[in-house]
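Residue numbers (this note's numbering): 755 to 1085. Below you'll find the structure, written out as structure tokens, and then a few comments.
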Amino acid sequence: MDFSFLGLVTSHAFEMDFAFRSLADTIVRNSQLSISLLRISNVTEDSFHVSLEALISRTGPASASITAMTVDLCGPSGHFGNVTLPALTTQRNGTEVVVTNQLVDIIDHGALKAFIQALIHDGALLSLRNGKTSIAAFGIGPRHIVYEKEILLPGMKGPAVDMRAASLIPSALPPSAVAESPSTASLGGVMRSPTTTSILSTSGGNAVSIVFQVTNPSPLEISFGTCSFDILDYQDRPLAELKGRLDIRRGQFEITFRGTVNKSAMMSLAREFNLDKSHRGRAAKSISSQLPQARLVGKRCAGAGWCDETIKSLDMPLWNIEKLFHALDID
């Protein structure tokens, strides 16, 4: 080994360069990016705003500075948009990445729709590609690298919907008294989503207001705007037509829809439900509680065309429809 001043300096420079390349390789190849929030809002036909909360971990014990970079957002059907990730300094215990209300131009509507539909069901692989950035560490750099990552996002699994409350709306009420003003509240850890709803029809005294609790285990939040839904049984018989604002949140949240019910179809379902309980005897309650009796199916969305197509992929098991039986006095 050369112990001269020049030799020591050269050796130190070599060691620092080796450490730098090892750190850069760890960040590019071995680091993990976990997304806890992917919020899509202000949707139009050609754009949306995205908010993102994520954590970069497994970047090694040393810190590195990474410049801002624009990455391609790619789902199972390809590249649908770009987002710019902020500059950051990695930390050994993890580094937060936050993007707030960033405008994203839609590159491929079909790819975006396929990505969201996959998240509504079982989940999707989100690929970040072509992230051209620079990294500096150990007094070396900045040097250019290309950052790419694949993130497996869990899906909504439906999502699951529970009917929490149902009530008849008096037909004598004027339209102004029927509409609700938007509100946001948190009750016992359950988020109540802003709702602005309208009645499809009040004829025949069958106008109803229904509160649903939705469970969303995925990190995706998306505002669809005002949407139309049908309640169908498992033979596709229409039970109700509903309308309301759908603003999907993480975890558990509540939405309120209003519309009209097909009372004769509801009476038929109630008879089948009660007949099933009488045949099953004491086990009926436990068995029937394991099987949803109806579905909440997306029909239309008043927003962008790709949202309208996406909402039709919602076909959610609906639990506790007995609350609607009670409201209609047919139980």
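Glycine is no exception: its CB is placed at the ideal position from the N, C-alpha and C atoms.
A check of alpha carbon separations from Phe802 across Leu857, Gln786 and Met823 identifies Leu857 as the nearest.
Contact between Leu1000 and Ile1009 holds: CB atoms are separated by about 6 Å, below the 8 Å threshold. The Cβ neighbour count for Gly1057, taken over all protein chains shown within 10 Å, is at least 16; the residue is labelled buried.
Note that the C-beta distance between His898 and Asp862 is not below 9 Å. Taking all protein chains in view, the Cβ of Val825 is crowded by 16 or more other Cβ atoms within 10 Å, so the residue is classified as buried. By the Cβ neighbour-count rule, Gln1047 is buried, with 16 or more other Cβ atoms within 10 Å of its own.
Minimum Cα-Cα distance from Lys911 among the listed residues Asp1069, Phe1079 and Ala1081 corresponds to Asp1069. Asn847 and Val797 have their C-alpha atoms spaced approximately 35 Å apart. Going by DSSP, Thr1064 is part of the alpha helix (DSSP H) stretching over Gly1059 to Ile1065.
For the pair Ile1084 and Ser1022, the Cα-to-Cα distance works out to about 10 Å. Spanning the alpha carbons of Val837 and Gly885 requires a straight line of approximately 10 Å. Pairing Ala961 with Ser785, the inter-Cα distance amounts to about 54 Å. Put simply, the region 865–878 does not touch the region 841–855. Fewer than three CB pairs are less than 8 Å apart. Residue Gly1052 holds the alpha-carbon nearest to the alpha-carbon of Gly979 among Val1015, Ile985, Val782 and Gly1052. In the DSSP assignment, Gln1047 falls outside any beta strand (DSSP E) and carries neither an H nor an E. Note: Pro992 is bridge-paired with Leu986 in the DSSP secondary-structure output. Taking C-beta atoms as the reference points, Leu974 and Arg1004 count as a pair closer than 9 Å.
The beta carbon of Leu866 sits closer than 8 Å to those of Gly829, Phe834, Gly835, Ile860 and Trp1060, all from its chain and outside the five residues before and after it, given in chain order. Taking C-beta atoms as the reference points, Phe1007 and Val968 count as a pair closer than 9 Å. With distances taken between CA atoms, Phe1027 lies nearest to Trp1073 out of Glu799, Trp1073 and Ile923.
Sorting Ser811, Arg1025, Leu787 and Val804 by C-alpha distance to the C-alpha of Ser977 places Val804 at the top. Using a 10 angstroms sphere on the CB of Val1015, the tally of other CB atoms reaches 16 or more, which defines it as buried.
Relative to the Cα of Ile964, the nearest Cα in the group Pro971, Phe983 and Asp1062 belongs to Phe983. DSSP lists Thr843 and Ala890 as the bridge partner or partners of Ser819. Comparing alpha carbon positions, the residue from Ser831, Asp987 and Ala1024 closest to Gln871 is Ser831. Per DSSP, the continuous beta strand (DSSP E) segment holding Leu809 begins and ends at Ser801 to Ser811. Ile794 is bridged by DSSP to Val804 and Ile976. Distance from the CA atom of Ile905 to the CA atom of Ile789, rounded to whole angstroms, is 8 Å. Within 10 angstroms of the beta-carbon of Ala808 lie 16 or more other beta-carbons, which makes it buried. No residue range can be given for Gly909, since it is assigned to no beta strand (DSSP E) and is classified by DSSP as neither H nor E. A Cβ-Cβ separation of about 27 Å leaves Phe869 out of contact with Asp916 under the 8 Å criterion. Exclusion of the five residues before and after Leu993 leaves Ile985, Leu986, Asp987, Val1015, Asn1016, Ala1019, Met1020, Leu1023 and Ala1048 as the residues of its chain whose Cβ lies within less than 7 Å of its Cβ.
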